[in-house]
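Novice: Residue numbers (the numbering used here): 597 to 681.
Questions regarding the structure given below will be posed in turn.
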């Protein structure tokens, strides 16, 4: 059986322009409830065979890559993993 994405920790999930936006639910830490974390795919535009990289939150896009979609992250950096700051 597939795992449930929307739960008490994630209240909603949307995909826009390739970016995945997770909205944290009421069982998440109170500083996260109702806030958004974006995960954006990064690609090398002129090299479609190169694997994508996923850019979390405020993290920098890897060199020579372009992130797809909008970063709608509105979580304070202190509450994000280091890789997402």
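In this text, a Cβ means the ideal position worked out from N, Cα and C, and glycines have one as well.
No experiment lies behind these values; they were computed from the predicted model shown.
Quick one: residues in its chain with C-beta nearer than 6 Å to the C-beta of residue 619, no 5 flanking neighbours on either side, listed in chain order?
Specialist: 607, 608 and 632
Novice: Assign residue 674 to one of three DSSP states: helix, strand, or coil.
Specialist: In the structure shown, residue 674 sits in a helix (DSSP, three-state: H, G or I).
Novice: For residue 645 versus residue 663, is the C-beta distance shorter than 8 Å?
Specialist: no
Novice: Starting from residue 633 and walking both ways along the beta strand (DSSP E), at which residues does that stretch end?
Specialist: In the DSSP assignment, residue 633 falls within the unbroken beta strand (DSSP E) covering 632-639.
Novice: To the nearest angstrom, how far is it from the Cα of residue 670 to the Cα of residue 676?
Specialist: A straight line joining the alpha-carbon of residue 670 with that of residue 676 spans about 10 Å.
Novice: Classify residue 636: buried if its beta carbon has 16 or more other beta carbons within 10 angstroms, exposed otherwise.
Specialist: buried
Novice: Closest to residue 673 by C-alpha separation, out of 625, 654 and 642, would be which residue?
Specialist: 654
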